[in-house]
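Under the numbering used here, the residues of the sequence shown are numbered 1 to 264, in order.
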Amino acid sequence: APAIFTEAEFYQRNFDPREYLKAFYSMSDSQEGASAFLTQNLRNLHKMFSLDGLRGDILIDVGCGPTIYQLLSACEHFQKIIALDYTDRNRRELEKWLKNEAGAFDWVPVVKYVCELEGDREKWAEKQEKLRKKVKQVLKCDVTKANPTGSVSLPPADCIVSTLCLEGACKDLPTFRSALRNIGTLLKPGGHLVMVTALGDTYYTFNKQVFSCLCLKKQEVEEAVVAAGFEVKFSEAQPYMVDDNRMDLKGVLSLVARRCPSAT
């Protein structure tokens, strides 16, 4: 585990989206763990976005990174998607795929997997097209700021999805708790928060670089969500049993919460 917290500026300078995608999102990976981690998250997202009430007009993805996997189930239930991330290179990498540029990462195996969960593997091209159309903006954000999007004001969202973001961005539990309050401000009262959070993980690594991760327990995450003005609707922790040299992950928490109507 890294002795020190990975600061935002280190991400901005050193986080290589291409290498990250190769290490964590290649479905064809011979490494069993690589696919197991991804497919487990895809199944959990499919399950959460099938829950009652998870639909609406605007979805904001907080800490999207260079990835789209977290939007594949979501895009069936929302009309407009706004993707937010801290680093310029992550946003650029995402835009490359959205614009279907040469050299963009190939998400087809992942899209096919989600289409299979939804009952029709052959709809993959249609789903890609749908997602590309629905992502309206890709913007910079900093979850540690009271106003995560700075001077850009966004319409309040019906739903926020945040996967594997806050535990990388927050150096300690108080920062994590305040980040949840910060991103909660992007949501309509009564809107939903959908989270996938690493449990018991202190680091992840790829391409010979190590990034810190806030080591969290299920109860700590749930308590932080409630303290940020939410009511937990669904929470399920699954152990991560794979011997994986990329991280020391113990489990993954899938959580859906509703922002209390009175929350300010």
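Backbone N, C-alpha and C define an ideal beta-carbon position, used for all residues, glycine too.
Values in this document were obtained by computation on a predicted structure and should not be read as measured data.
Going by other Cβ atoms of all chains shown within 10 Å of its Cβ, with 16 needed for buried, is residue i buried or exposed?
i, result
"N182", "buried"
"Q128", "buried"
"E184", "Note on residue identity: the sequence assigns Gly, not Glu, to residue 184. By the neighbour-count rule (16 or more Cβ atoms within 10 Å), G184 is buried."
"G63", "buried"
"R92", "exposed"
"L51", "exposed"
"G119", "exposed"
"V108", "exposed"
"S151", "exposed"
"R121", "exposed"
What is the rounded straight-line gap between the Cα of residue i and the Cα of residue j?
i, j, result
"L94", "E19", "14 Å"
"N41", "R258", "21 Å"
"V221", "V161", "15 Å"
"K136", "S35", "29 Å"
"Q70", "T39", "11 Å"
"P189", "C260", "6 Å"
"V196", "K145", "21 Å"
"D77", "L131", "According to the sequence displayed, residue 77 carries His and not Asp. The alpha-carbon atoms of H77 and L131 are separated by roughly 11 Å."
"T6", "L214", "10 Å"
"A8", "Y86", "8 Å"
"D244", "L164", "17 Å"
"R246", "E223", "28 Å"
"E231", "V110", "31 Å"
"Q12", "I4", "17 Å"
"M27", "S262", "43 Å"
"L187", "Q79", "16 Å"
"A125", "P174", "43 Å"
"K112", "K133", "18 Å"
Where do the ends of the beta strand (DSSP E) carrying residue i lie?
i, result
"S254", "G251 to R259"
"F78", "F78 to D85"
"A198", "L187 to L199"
"P239", "F230 to P239"
"F211", "Q209 to S212"
"T205", "Y203 to F206"
Tell me, to the nearest whole angstrom, how far the beta carbon of residue i is from that of residue j; I am working on the premise that it is less than 8 Å.
i, j, result
"F15", "N100", "Not a contact, Cβ separation roughly 24 Å."
"N83", "V143", "At residue 83 the sequence reads Ala, which differs from the Asn that was named. Between V143 and A83 the Cβ distance is about 14 Å, and since that is not below 8 Å, they are no contact."
"C159", "G65", "Their Cβ separation, rounded to whole angstroms, is 18 Å, which puts C159 and G65 out of contact at 8 Å."
"D248", "D201", "6 Å"
"A237", "L180", "Their Cβ separation, rounded to whole angstroms, is 17 Å, which puts A237 and L180 out of contact at 8 Å."
"A157", "I60", "4 Å"
With DSSP as the reference, label residue i as helix, strand or coil.
i, result
"P156", "coil"
"F49", "coil"
"L59", "strand"
"P280", "Examination of residue 280 is not possible in this model, given that the chain is present from 1 through 264 alone."
"Y25", "coil"
"K39", "In the sequence on display, residue 39 carries Thr and not Lys. T39 falls in the helix class under three-state DSSP."
"L71", "helix"
"K217", "coil"
"V242", "coil"
"V143", "coil"
"K136", "strand"
At which residues does the alpha helix (DSSP H) containing residue i begin and terminate?
i, result
"F10", "A8 to N14"
"E167", "L166 to A169"
"N90", "D88 to L98"
"E118", "Where E118 is concerned, there is no enclosing alpha helix (DSSP H), given that its DSSP letter is neither H nor E."
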